[in-house]
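Here is the structure we will look at.
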Amino acid sequence: MILEHRAVAPFFKNGFVIGCEETREGIIVDPGDEVDQLLEAATRHGLSIKMILLTHAHLDHVTGVAKARKALGVPIWLHKDDNFLYEQVVQQGMMFGLRVDPQPPVDHFYEGEGPLRFGRYTVRVRHTPGHCPGGVCLAVSREGEEKATLFVGDTLFAGSIGRTDLAGGDLPTLLRSIRDVLFSYPDDTIVWSGHGEPTTIGRERRTNSFLI
Ligand SMILES: [Zn+2]
Ligand SMILES: [Zn+2]
2 MILEHRAVAP
12 FFKNGFVIGC
22 EETREGIIVD
32 PGDEVDQLLE
42 AATRHGLSIK
52 MILLTHAHLD
62 HVTGVAKARK
72 ALGVPIWLHK
82 DDNFLYEQVV
92 QQGMMFGLRV
102 DPQPPVDHFY
112 EGEGPLRFGR
122 YTVRVRHTPG
132 HCPGGVCLAV
142 SREGEEKATL
152 FVGDTLFAGS
162 IGRTDLAGGD
172 LPTLLRSIRD
182 VLFSYPDDTI
192 VWSGHGEPTT
202 IGRERRTNSF
212 LI
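Here the sequence shown is numbered in the numbering used here, starting from 2 and rising by one per residue.
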């Protein structure tokens, strides 16, 4: 699996380029202010990007969608329960004192777990509400393999959990999503969060003080 991540000021939110090393098909996850660097990474790897997938629709995760869409001409996917946030991206920006342009409409809402495909890889979509109503975990696996790499958005972080004080957030729901969905994966599963360094399910299960 080809994997590149970038994060820039002010939010230092991780955006991802994920590609199939065999077919050179790929996806972009959560393009934000670092979108130019993601597009550059995709080009450098010779990837043909097939989809823009969003883990959720908070401002920091979507500010690069318009640019990615314009450059790539590929569909945008989001969970339907976060579309209200996506459509309010301009107002979300105002809350932070930022001028943000409206983003192009979502093309597809995730249907169940999918799965979606690029090259020899599948993306299983797991609904993990709590940080926001339409948060999802994108579980990327190579065809025919059990092992997944998780892109969890802002649901779980290395040593922390997502905030639940924003619109539609709910702590008991977040904890249930982490315990029932994310912790159903084996300990050696790699977790890429929306902010900060990667971790593993085992490490968070054992050491995350919000979850012990
Ligand atoms: Zn968020
Ligand atoms: Zn975020």
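All C-beta atoms in this analysis are idealised placements derived from N, C-alpha and C, irrespective of residue type, glycine included.
Residue i beta carbon near ligand 2 (any heavy atom closer than 8 angstroms)
i      : result
Asp61  : yes
Gly154 : yes
His196 : yes
Lys71  : no
Phe17  : no
Phe97  : no
Phe119 : no
DSSP-derived helix/strand/coil call for residue i
i      : result
Tyr122 : strand
Gly20  : strand
Thr200 : strand
Met52  : strand
Gly33  : coil
His109 : strand
Gly74  : coil
Ile3   : strand
Gly94  : helix
Ile179 : helix
Leu167 : coil
Leu212 : coil
Leu117 : strand
Thr44  : helix
His57  : coil
Pro103 : coil
Near ligand 1: residue i beta-carbon under 8 angstroms from a heavy atom
i      : result
Cys133 : yes
His46  : no
Gly247 : The question about residue 247 has no answer here: the residues shown for the chain are numbered 2 through 213.
Leu167 : yes
His57  : yes
According to DSSP, residues forming a beta bridge with residue i
i      : result
Ala149 : Ser142
Phe158 : Ser161
Arg127 : Cys138
Ile191 : Thr150, Thr201
Lys81  : Its beta-bridge partners do not exist; DSSP assigns none.
Arg28  : Checking the displayed sequence, the identity of residue 28 turns out to be Ile instead of Arg. Paired residues: Ile19, Met52.
Lys14  : His196
Assumed close pair residue i, residue j - CB separation to whole angstroms, cut-off 8 angstroms
i      : j      : result
Cys21  : Gly120 : 2 angstroms
Thr156 : Leu183 : 7 angstroms
Phe17  : His6   : 5 angstroms
Inter-residue spacing [alpha-carbon to alpha-carbon] between residue i and residue j
i      : j      : result
Val137 : Pro116 : 13 angstroms
Leu4   : Ile28  : 10 angstroms
Glu213 : Leu73  : Correcting the residue identity first, residue 213 is Ile in this sequence and not Glu. Their backbone Cα atoms lie some 43 angstroms apart in a straight line.
Val30  : Leu55  : 6 angstroms
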